[in-house]
Amino acid sequence: MFLNEQLYVAISIVTSRDGLKILLLDEDGMCIYTTSNVVFKEVFRNLSNI
329 MFLNEQLYVA ISIVTSRDGL KILLLDEDGM CIYTTSNVVF KEVFRNLSNI
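Using the numbering used here, read the sequence shown as starting at 329 and increasing by one per residue.
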């Protein structure tokens with residue numbers, strides 16, 4: 329299981345698309361074809377104060 333950032337890193341270090349397969353499953357174990365990129369806006373609030 330990958331978090332979105334882990335999925336990005338895993339894909340970015342692959343040197344060839346040949347043989348690359350990514351299986352995405354929903355909560356019920358059903359195959360899905362997209363993944364959500366979730367951004368928590370609270371994380372970016374008050375960044376100028378840091």
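C-beta: ideal position from N, C-alpha, C; glycine also.
Candidates the options: closest to residue i by CA position
{"i": "Thr363", "options": "Gly357, Val371, Leu353", "result": "Leu353"}
{"i": "Leu351", "options": "Ser344, Ile360, Ile339", "result": "Ile360"}
Residue i in three-state terms, based on DSSP
{"i": "Leu351", "result": "coil"}
6 Å CB neighbourhood of residue i in its chain, flanking five on each side removed
{"i": "Met358", "result": "none"}
Residue i Cβ short of 8 Å to the ligand HEM heavy atom set
{"i": "Tyr361", "result": "Inclusion of the ligand HEM in the displayed structure is not the case, the ligand content being empty and no account of it being possible."}
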